[in-house]
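*Asks:* Mapping to this note's numbering: the sequence shown position 187 is 198, numbers consecutive.
Structure in C-alpha cells, see below.
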Amino acid sequence: MLIEAVTVFPEYFEPLRLSLIGKAIESGLIDVRIHDLRDFTHDRHRTVDDTPYGGGAGMVMKPEPWGEVLDDIASRVQTIELQPQPTLIFTTPAGTPFAQSAADELATHEHIVFACGRYEGIDQRVIEWARAHFDVREYSLGDYVLNGGEVAALAMSEAIVRLIPGVIGNPESLIEESHAATSDGLLEYPVYTKPATWRGLDVPEVLLSGHHGEVAKWRRARSEALTAERRPDLLP
Ligand code: JB8
C-alpha cells in the first residue's frame, strides 16, 4: 500500500515511522510519501491561504497549490496499479464519521492520499475538481474540532495500516477488539494478567477457573453491560 499525505506540517507525520507502522515501512509492506503544500506555491511568502469570499472569520486554503500537488501525485500513478484511481481523503469536521467499517474497506486499497486542511478549510472547488481523478472521500475523526487535518489523517492511517496482513504479529488480536466487525458490535470486555492479586484487587474468579464456556459467558455479559452503559447506540 502507498500512503501519501499533503500538509503544511510534514513533521506531523514523523510518528508514522515508529512502532508497528515503522516496521511495515521497513519491511516494504507499505510506503509513505509526505508532500509539503508550500513546495507547490510560487510567491516569495509561499502563501497557501486567503480571505473567504462572502466574508467571515478566518482564512481559506487557496486552490492553486492544491491543484498543483494533486496534479503531481496523479501524474505519478502507474497504470499497472491495482486500483483504477487513488483514494483521496479530505479530513474535515464536516465529513462522514470515520469508523472501523471505513478502515476495513480502505485496508484493501492500493493507494491512499490524505489531504490535510488547515485554517477554515480548503476551497471547495479543489474537492469538486479532484473527483475526476481520484476516488474522493471526506471523513471526520469524530464530533470535535481539531486545528487541522493532520492528527485525523495520522489516526486514520494507523487504523487502516494495522489491518494489512503482516503488519500485526498476531492477527487473532484483531478479532475480539471493540468495533471490529467480528466483535458483534459490542465494546470489548475488560482484560487481566498476572499476578492474580495486585494491591488487594483479585482477578475475577471465573477467569482462573479453566472453564472456557463460563469464561466466554462472563466476557459476553461484561461486553453487553459496558455497551449498554457507555454506548447504548451500538446495541441491536
Ligand atoms: C481546518 O477536526 B478535524 C479537522 C479540522 C480542521 C481541518 C481538517 C480537519 C482543517 N480545521 O478533523
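Don't be surprised by glycine CBs; every beta carbon is placed ideally from N, CA and C.
#1: Please look up how many angstroms separate the CB atoms of Ile175 and Leu40, rounded, as I've assumed it's under 8 Å.
#2: Taking the C-alpha atoms as reference points, what is the distance between Asp257 and Ser112?
#3: What is the DSSP secondary structure of Met167, counted as helix, strand or coil?
#4: If I'm right that Ser168 touches Ile14 with Cβ under 8 Å, what's the distance once you round it to whole angstroms?
#5: Who are Ala126's beta bridge partners in DSSP?
#6: Taking only heavy atoms of the ligand JB8 into account, decide whether any of them is closer than 8 Å to the Cβ of Gly67.
#7: Taking 8 Å as the cut-off, is the beta-carbon of Glu131 closer than that to any non-hydrogen atom of the ligand JB8?
#8: Between which two residues does the alpha helix (DSSP H) carrying His223 extend?
#9: What residue from Pro63, Leu29, Arg44 has the CA that sits closest to Val80's CA?
#10: Looking at C-alpha atoms only, which residue of Leu218, Tyr200, Pro201 is the closest neighbour of Ala207?
#11: Under the three-state reduction of DSSP, which class applies to Tyr23: helix, strand or coil?
#12: For the alpha helix (DSSP H) that contains Ile45, what are its first and last residues?
#13: Where does Glu216 sit, in a helix, a strand or coil, going by DSSP?
#14: Give me the Cα-Cα distance between Leu157 and Trp77, rounded to the nearest whole angstrom.
#15: Compute every distance between the C-beta of Pro215 and the non-hydrogen atoms of the ligand JB8, then say whether any falls below 8 Å.
*Replies:* In brief:
#1: 6 Å
#2: An answer regarding residue 257 cannot be provided, because it is not within the stretch 12 to 247 covered by the chain.
#3: helix
#4: Yes, Ser168 and Ile14 are in contact; Cβ-Cβ is about 6 Å, under 8 Å.
#5: Secondary-structure assignment with DSSP links Ala126 through a beta bridge to Val17, Phe101.
#6: The answer is no for Gly67.
#7: yes
#8: 223 to 241
#9: Arg44
#10: Leu218
#11: In this structure, Tyr23 counts as helix in the three-state DSSP scheme.
#12: Run containing Ile45: none in the alpha helix (DSSP H); it sits in the beta strand (DSSP E), 42 to 47.
#13: helix
#14: Looking at the backbone, the Cα of Leu157 and that of Trp77 are separated by about 20 Å.
#15: no
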